[in-house]
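Shown next, in structure tokens, is the structure this report addresses.
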Amino acid sequence: MKILKILKKIISKIIYILYHLTYKLVPIDHKTVIFISFHGRGYSDNPKAIYEEMKKDERFKDYKFIWAIKHHKKVNLKIKGAKIIEYYSIPYFYYMSKAKYWIFNCKMPTYISKKKNQIYLQTWHGTPLKRLGHDIQVDKDATFYRSQMSADEMYKTYDIDVARYNYMISPNTFCTKIFQSAFAIDQNRLIETGYPRNDILSNASTEDAIAIKQMLNIPLGKKVLLYAPTWRDNQYVTKGYTFKLEADFHKWKNILGDEYVLLFKPHYLIINEYKKDTSLEGFLYSIDASVDISSLYIIADALVTDYSSVFFDYAILNRPIYFYMYDIESYKEELRGFYIDIYKDLPGTIYEKEEMMLDDISNHVYNYEKLKEFNAYFNNHEDGNASKRVIDIVFGGK
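All residue numbers for the sequence shown refer to my numbering, where the first residue is 144 and numbers rise by one.
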């Protein structure tokens with residue numbers, strides 16, 4: 144095993160060196176677009192929404208679309224109309240050199256080089272609740288938990304990537320302001336369009352919801368509660384971030400089981416898996432972290448989250464949101480801090496005890512007026528046409 148790891152490192156180094164020696168020799172194809180979502184973890188998020196809109200647009204009928212996805216052959220993934228290549232492979236480096244357009248939703252590795260006449264659209268992947276990039280306030284000598292980077296090293300990874308952006312999507316006025324400080328990006332590269340991935344939330348039909356439930360084998364006669372917690376900066380192992388479950392799902396079943404089923408969807412950065420509990424069958428559905436969460440929003444009648452930014456998107460549906468922040472005191476003190484006043488600005492109540500939250504969910508206690516005010520500020524561009532706006536700007540020069 145140790146020899147295999149050494150060989151992989153040597154091969155990676157050789158590929159990296161060859162790439163930097165040859166990438167300028169590969170001619171750019173002005174009708175090739177490469178998409179990457181969450182560092183090749185799948186076919187999802189804003190890049191997916193933009194791709195699917197481009198496929199419907201006659202202007203791109205003779206374009207070549209490339210998706211770089213990890214381990215796609217193992218799961219036999221197919222994307223109609225696109226060529227799938229393995230992330231961090233020789234074809235990956237080739238198409239990174241060849242494609243005129245890059246459409247990605249998170250920071251690219253610093254080893255990637257961009258030619259002057261390539262176009263990089265950074266879609267990003269959420270309205271931030273927690274501080275990002277240059278806005279993270281830490282002591283000069285502090286290091287970031289899993290990466291062990293210093294603050295300056297972390298800032299540099301953002302700066303290298305931002306220098307390559309031609310466009311960066313901002314979903315709302317709030318993000319247009321925040322992204323300028325967090326990413327140290329000038330406003331003229333920000334395009335305030337709404338998020339393409341949210342078009343589906345405005346356009347989904349009852350038939351779409353039924354089809355998703357049937358695909359996941361969820362009973363049509365039950366309401367759906369989605370629990371989508373995020374990772375903690377200080378809970379990690381070598382391979383990635385972990386999450387200590389502080390929820391008694393048996394209690395959730397006892398209180399909510401007659402009316403709801405529960406979908407448990409952890410953040411994609413969380414690597415630990417949860418053992419199946421046969422006593423919760425029929426109530427708890429554990430969803431793989433790599434699954435695109437938009438389809439779950441469509442079928443969820445209510446959302447439970449913590450510090451994840453998922454609530455910004457889910458709010459578009461005008462459905463109840465409950466915030467289960469059992470560790471809020473330590474989170475505020477020890478971790479990154481927030482951009483908004485969570486006690487005033489969140490579109491829902493904060494709960495430190497799950498019993499109180501479960502009772503409110505069971506009794507349908509929720510303040511819809513607060514949600515309406517929240518959407519007026521944070522989701523005013525979400526009308527189902529964000530993908531079209533982005534494409535017209537990036538490819539049409541509008």
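Quick reminder that beta carbons are idealized off the backbone N, C-alpha and C, glycines included.
(message) What residue range does the alpha helix (DSSP H) around P163 cover?
(response) Reading the sequence as shown, one finds His at residue 163 and not Pro. From DSSP, the alpha helix (DSSP H) with H163 extends over K145 to T165.
(request) Can you have a look at H268 and say buried or exposed, based on whether 16 or more other CB atoms are within 10 angstroms of its CB? (result) buried
(request) Closer than 7 Å by C-beta to D304: which residues in its own chain qualify, once you throw out the five before and the five after it? Chain order, please. (result) K250 and M251
(message) In the DSSP output, which residue or residues are listed as bridge partners for S429?
(response) F407
(request) Please report how far the alpha carbon of E525 lies from the alpha carbon of I459, in whole angstroms. (result) 7 Å
(request) Compute the Euclidean distance between the alpha carbons of L150 and K156, then round it to the nearest angstrom. (result) 10 Å
(request) May I ask you to report which of helix, strand or coil DSSP gives I171? (result) coil
(request) Could you check which residue in L220, F236, N219 and G183 has the C-alpha nearest to that of K553? (result) Here the chain comprises residues numbered 144 to 541, so residue 553 is not present and cannot be evaluated.
(request) Run the CB neighbour count on P339, radius 10 Å, all protein chains shown included, and call it buried at 16 or more, exposed below. (result) buried
(message) Going by C-alpha to C-alpha distance, which of L446, I398, T319 and Y520 sits closest to L369?
(response) L446
(message) Can you tell me where the beta strand (DSSP E) holding W210 begins and where it ends?
(response) K207 to I212
(request) Could you check what DSSP says for L368 in three-state terms: helix, strand or coil? (result) strand
(request) Count the other C-beta atoms from every protein chain shown that fall within 10 angstroms of the C-beta of R202, then say buried if there are 16 or more, exposed otherwise. (result) exposed
(message) Please report the straight-line C-alpha distance between K199 and K223, rounded to a whole angstrom.
(response) 12 Å
(message) Excluding the 5 residues flanking S180 on each side, which residues of the same chain have their C-beta closer than 6 Å to its C-beta?
(response) S187, D188, P190 and N248
(request) Using the DSSP secondary-structure output, state which residues sit across from Q265 in a beta bridge. (result) F247 and M311
(request) Would you kindly work out how many angstroms separate the C-alpha atoms of R332 and A306, rounded to a whole number? (result) 11 Å
(request) Would you decide whether P164 is buried or exposed? Buried here means 16 or more other CB atoms lie within 10 Å of its CB. (result) Sequence check: residue 164 is Leu here, not Pro. L164 is exposed by the Cβ-count criterion.
(request) Use the C-beta contact count for G491: other C-beta atoms within 10 angstroms, 16 or more gives buried, fewer gives exposed. (result) buried
(message) Within 10 Å of its beta-carbon, does N367 have 16 or more other beta-carbons around it, so buried, or fewer, so exposed?
(response) The residue you asked about is not Asn; residue 367 is Val in the sequence shown. So V367 counts as buried.
(request) Please go through the same chain and pick out, in chain order, the residues whose beta-carbon is closer than 8 Å to the beta-carbon of K207, but skip the five residues on each side of it. (result) D172, K174, T175, V176 and K226
(message) Within 10 Å of its beta-carbon, does I464 have 16 or more other beta-carbons around it, so buried, or fewer, so exposed?
(response) buried
(message) Does I179 come out as helix, strand or coil in the three-state DSSP assignment?
(response) strand
(request) Grab me the residues of G480's own chain with a C-beta within less than 6 Å of its C-beta, minus the 5 sequence neighbours each way, in chain order. (result) R274
(message) Whole angstroms are fine: how far does the CA of Y520 sit from the CA of T336?
(response) 14 Å
(message) I'd like to check one pair, W245 with Y263: are the Cβ atoms closer than 8 Å?
(response) yes
(message) Closest to E389 by C-alpha separation, out of M468, A327 and A325, would be which residue?
(response) M468
(request) Assign S293 to one of three DSSP states: helix, strand, or coil. (result) strand
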